[in-house]
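K.L.:
Numbering (my numbering), first residue to last: 2 to 383.
Cβ atoms here follow ideal geometry from the backbone N, Cα and C, with glycine treated the same way.
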Amino acid sequence: MTNQPGPKAWRFLAFGVVVGLRALGLLVGMALPHLPRVMEAVGRLAANERDRVGRFLAIPVPVPSTEDSATTVRRDVRWLALQATGGILAGLLPVGSVTGVAQNVVIAAFWPFIPDAASTLDMPVRSWGDAGLTLVTAAAYGLLGVLVVPPLARWYAKVSAARLAPPVQSLAERLAEVTATRAAALEAHGTELQRIERSLHDGTQNRLVAVVMQLGAVERALSRDPAAALPSVLTAQNAATDALAELRQVVRSIYPPVLAERGLSDAVASLAAQCAIPCTLDEHPLPRAPAAVEAAAYFVVAEALTNAVKHSGADQITVSLRAEDGVLVVEVTDNGHGGADDGQGTGLRGIHHRIAAFDGTTKIDSPLGGPTVVRVVIPAGT
Numbered sequence: 002m003t004n005q006p007g008p009k010a011w012r013f014l015a016f017g018v019v020v021g022l023r024a025l026g027l028l029v030g031m032a033l034p035h036l037p038r039v040m041e042a043v044g045r046l047a048a049n050e051r052d053r054v055g056r057f058l059a060i061p062v063p064v065p066s067t068e069d070s071a072t073t074v075r076r077d078v079r080w081l082a083l084q085a086t087g088g089i090l091a092g093l094l095p096v097g098s099v100t101g102v103a104q105n106v107v108i109a110a111f112w113p114f115i116p117d118a119a120s121t122l123d124m125p126v127r128s129w130g131d132a133g134l135t136l137v138t139a140a141a142y143g144l145l146g147v148l149v150v151p152p153l154a155r156w157y158a159k160v161s162a163a164r165l166a167p168p169v170q171s172l173a174e175r176l177a178e179v180t181a182t183r184a185a186a187l188e189a190h191g192t193e194l195q196r197i198e199r200s201l202h203d204g205t206q207n208r209l210v211a212v213v214m215q216l217g218a219v220e221r222a223l224s225r226d227p228a229a230a231l232p233s234v235l236t237a238q239n240a241a242t243d244a245l246a247e248l249r250q251v252v253r254s255i256y257p258p259v260l261a262e263r264g265l266s267d268a269v270a271s272l273a274a275q276c277a278i279p280c281t282l283d284e285h286p287l288p289r290a291p292a293a294v295e296a297a298a299y300f301v302v303a304e305a306l307t308n309a310v311k312h313s314g315a316d317q318i319t320v321s322l323r324a325e326d327g328v329l330v331v332e333v334t335d336n337g338h339g340g341a342d343d344g345q346g347t348g349l350r351g352i353h354h355r356i357a358a359f360d361g362t363t364k365i366d367s368p369l370g371g372p373t374v375v376r377v378v379i380p381a382g383t
């Protein structure tokens, strides 16, 4: 791996002094009573540094999961301590190199006008020969920077990236996680196929059978009394209309057309408008995500609203949609009596399995007395 181009490495380390001073200020600020605000600033500074280090190394620094906030805070604080000490020291090298070159060149050029002129190495400059040695000193400062700054910048960027990135899972842990995710995906897929089969069998198929029976009645009526066949024709027409409506409902349950036509925000707004309990949509600007991701989020909201209407006893529901750091976050909150248990009932388990298939996370917080918060995080894949 070759070193980064010189100017880029110099800028990276030199700016590290600024980041380090900010980090030092935040460390001092932690002793103040405004700790939550300080930690919020720490998070922003760490996020900016992940982006800066990723651009310098041309390798994105992974973003920690939003689920494990305590671990993320500890990691950011450890990086903060590193940046407030090692970051400042590393950043002083390019700054000192440029300053040493500039200072010695000025002294060599203007020594006759500077009383008790001396180089940065404290060598007196009393003649043009001494001035020549001072220029050699300036060149040494420059050469030191050229030779040392690029590899030092790359080494420190790697150290900083390692501090900022979430811990790397062992191969065994990742294999176990992938195996569990695959099993959840297969179970969710099987459950979805069973639901579709039941809908077609119990609903659409029965209505089509009714249509066939009515058409048989029409046939018999036409052979006996054509004038009496009209009521049977109308009945068959109504049964066919009902079967078509049932079939459309099944199709919508597989992939709602509104998602493709208007996007996730409008689709969820439609769910909120049709909810039996007053429902508010807390919407943030959302980029389009892959169709499977939007469908998963849509069905999570639909299932959570259905559960809230059936079991929560709530009189107000809030649905929140937002995109952050490459993931889609969905939260459904109701002010009901709480006590929801994802270990009981198929609805909440279905949400778990559906989201696990995307390598996402599901958290259900429902203390007795409420409120109940269903929160899912889905990698957006964009």
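#1: May I ask you to list the residues that DSSP assigns as paired with Cys280?
#2: What is the DSSP secondary structure of Arg127, reduced to helix, strand or coil?
#3: Flag this pair as touching only if the stretch 153-162 and the stretch 97-117 have three or more C-beta atom pairs under 8 Å; answer yes or no.
#4: Taking the alpha-carbon positions, what's the Asn4 to Gly55 distance?
#5: Short check: CB of Pro372 to CB of Gly339, under 8 Å?
#6: Can you say whether His353 is buried or exposed, counting buried as having 16 or more other CB atoms within 10 angstroms of its CB?
#7: Measure from the alpha carbon of Gly361 to the alpha carbon of each residue in Asp342, Val96, Thr334 and Leu329, then state which is nearest.
#8: Who are the near neighbours of Val234 in its chain, counting only those whose CB is closer than 7 Å to its CB and skipping five residues on each side?
#9: Determine the closest residue to Asp52 out of Phe13, Ala324 and Leu90, with distance taken between C-alpha atoms.
#10: Determine the closest residue to Arg76 out of Glu295, Phe300 and Pro168, with distance taken between C-alpha atoms.
#11: Check whether the stretch 101-109 and the stretch 127-135 are in contact - that is, three or more C-beta pairs closer than 8 Å.
#12: Which partner residues of Leu329 appear in the DSSP bridge assignment?
#13: Give me the Cα-Cα distance between Arg49 and Leu58, rounded to the nearest whole angstrom.
#14: If you reduce the DSSP assignment to three classes, tell me which class Asp366 lands in.
#15: Exposed or buried, Thr138, counting other C-beta atoms within 10 Å across all chains shown (16 or more means buried)?
#16: Answer yes if the stretch 236-249 comes into contact with the stretch 199-213, meaning at least three C-beta pairs across the two stretches below 8 Å, and no otherwise.
#17: Pull up the distance between the alpha-carbon of Gly264 and that of Ala290, whole angstroms please.
#18: Which word fits Gln215, buried or exposed, when buried means at least 16 other C-beta atoms lie within 10 angstroms of its C-beta?
#19: Rounded to whole angstroms, how far is the Cβ of Asp366 from the Cβ of Val374, which I believe are closer than 8 Å?
#20: What's the call for Leu349, buried or exposed, on a 16-neighbour Cβ count within 10 Å?
#21: Please go through the same chain and pick out, in chain order, the residues whose beta-carbon is closer than 7 Å to the beta-carbon of Ala381, but skip the five residues on each side of it.
#22: For Leu260 versus Val302, is the C-beta spacing smaller than 8 Å?
#23: CB-CB under 7 Å to Trp229, same chain, minus the five flanking residues each way: which ones, in chain order?
#24: Which of helix, strand or coil does DSSP assign to Val43?
#25: Along the chain, where does the alpha helix (DSSP H) that runs through Pro258 open and close?
#26: State the DSSP-derived secondary structure class of Thr121, mapped to helix, strand or coil.
#27: Does DSSP put Asp335 in a helix, a strand or coil?
#28: Can you tell which of Ala141, Met124 and Gly92 has its C-alpha closest to the C-alpha of Gly102?
#29: Which residues mark the beginning and the end of the alpha helix (DSSP H) in which Pro113 is found?
#30: Spatial neighbours of Ser277 within its chain, please: C-beta separation below 7 Å, excluding the five flanking residues on both sides.
P.N.:
Judging by the given coordinates:
#1: The residue you call residue 280 lines up with position 279 of the sequence shown. Bridge partners of Cys280: Ile318.
#2: In the sequence shown, counting from the first residue as 1, residue 127 sits at position 126. DSSP places Arg127 in coil when its eight states are reduced to three.
#3: no
#4: As a working mapping, residue 4 is identified with position 3 in the sequence shown. As a working mapping, residue 55 is identified with position 54 in the sequence shown. With a pLDDT of 48 at Asn4, under the threshold of 50, the predicted position of this residue should be treated as unreliable, and no value is reported.
#5: As a first step, residue 372 is located in the sequence shown; it is residue number 371 there, counting from the start. As a first step, residue 339 is located in the sequence shown; it is residue number 338 there, counting from the start. Yes, the Cβ-Cβ distance between Pro372 and Gly339 is below 8 Å.
#6: Here the question's residue 353 lines up with position 352 in the sequence shown. Buried: at least 16 other Cβ atoms inside 10 Å.
#7: Looking up residue 361 in the sequence shown gives position 360. Closest option to Gly361, Cα to Cα, is Leu329.
#8: Indexing the sequence shown from 1 puts residue 234 at position 233. Closer than 7 Å at the Cβ level, and outside the excluded window around Val234, lie Val219.
#9: Your numbering for residue 52 matches position 51 in the sequence shown. Nearest of Phe13, Ala324 and Leu90 to Asp52, Cα basis: Phe13.
#10: The residue given as residue 76 occupies position 75 in the sequence shown. Of the candidates Glu295, Phe300 and Pro168, the one whose C-alpha sits nearest the C-alpha of Arg76 is Pro168.
#11: yes
#12: The sequence position of residue 329 within the sequence shown is 328, counting from 1. In DSSP, Leu329 forms a bridge with Ala324 and Ile379.
#13: Counting from one through the sequence shown, the residue named residue 49 turns up at place 48. Counting from one through the sequence shown, the residue named residue 58 turns up at place 57. Checking the sequence shown, residue 49 turns out to be Asn, not Arg. Spanning the two alpha carbons is a distance of roughly 14 Å.
#14: As a first step, residue 366 must be located in the sequence shown, where it is residue number 365. The answer is strand: DSSP assigns Asp366 an E or B state.
#15: The residue labelled residue 138 in the question sits at position 137 within the sequence shown. Classification for Thr138: buried.
#16: yes
#17: Counting from 1 along the sequence shown, the entry for residue 264 is found at position 263. Counting from 1 along the sequence shown, the entry for residue 290 is found at position 289. Looking at the two C-alpha atoms, the distance is approximately 9 Å.
#18: For the purposes of this step, residue 215 is identified with residue 214 of the sequence shown, where counting begins at 1. It counts as buried.
#19: Position 365 of the sequence shown, counting from 1, holds the residue named residue 366. Position 373 of the sequence shown, counting from 1, holds the residue named residue 374. Right, their Cβ atoms sit about 5 Å apart.
#20: Position 348 of the sequence shown, counted from the first residue, corresponds to residue 349. Classification for Leu349: buried.
#21: Here residue 381 corresponds to residue number 380 of the sequence shown, with the count starting at 1. Excluding sequence neighbours, Ala381 sits near Ala290, Val294, Ala324, Gly327, Val328 and Leu329.
#22: For the purposes of this step, residue 260 is taken as the residue at position 259 of the sequence shown. For the purposes of this step, residue 302 is taken as the residue at position 301 of the sequence shown. Going by C-beta atoms, Leu260 is not nearer than 8 Å to Val302.
#23: Walking along the sequence shown from the start, residue 229 turns up at place 228. Note that residue 229 is Ala in the sequence shown, not Trp. These residues qualify, in order along the chain: Ala222.
#24: To locate residue 43, count along the sequence shown from 1; it is residue 42. Helix, per DSSP.
#25: Taking the sequence shown and counting its residues from 1, the one referred to as residue 258 is at position 257. Its alpha helix (DSSP H) spans residues Pro258 to Gln275.
#26: Stepping through the sequence shown from its first residue, residue 121 is reached at position 120. Of the three classes helix, strand and coil, the one that applies to Thr121 here is coil, per DSSP.
#27: One-based indexing of the sequence shown puts residue 335 at position 334. The answer is strand: DSSP assigns Asp335 an E or B state.
#28: In the sequence shown, the residue the question calls residue 102 occupies position 101. Checking the displayed sequence, the identity of residue 102 turns out to be Val instead of Gly. Among Ala141, Met124 and Gly92, the Cα nearest to that of Val102 belongs to Ala141.
#29: Position 112 of the sequence shown, counted from the first residue, corresponds to residue 113. Premise fails: Pro113 is in no alpha helix (DSSP H) and is neither H nor E.
#30: As a position in the sequence shown, residue 277 is number 276, starting the count at 1. Sequence check: residue 277 is Ala here, not Ser. Val310.
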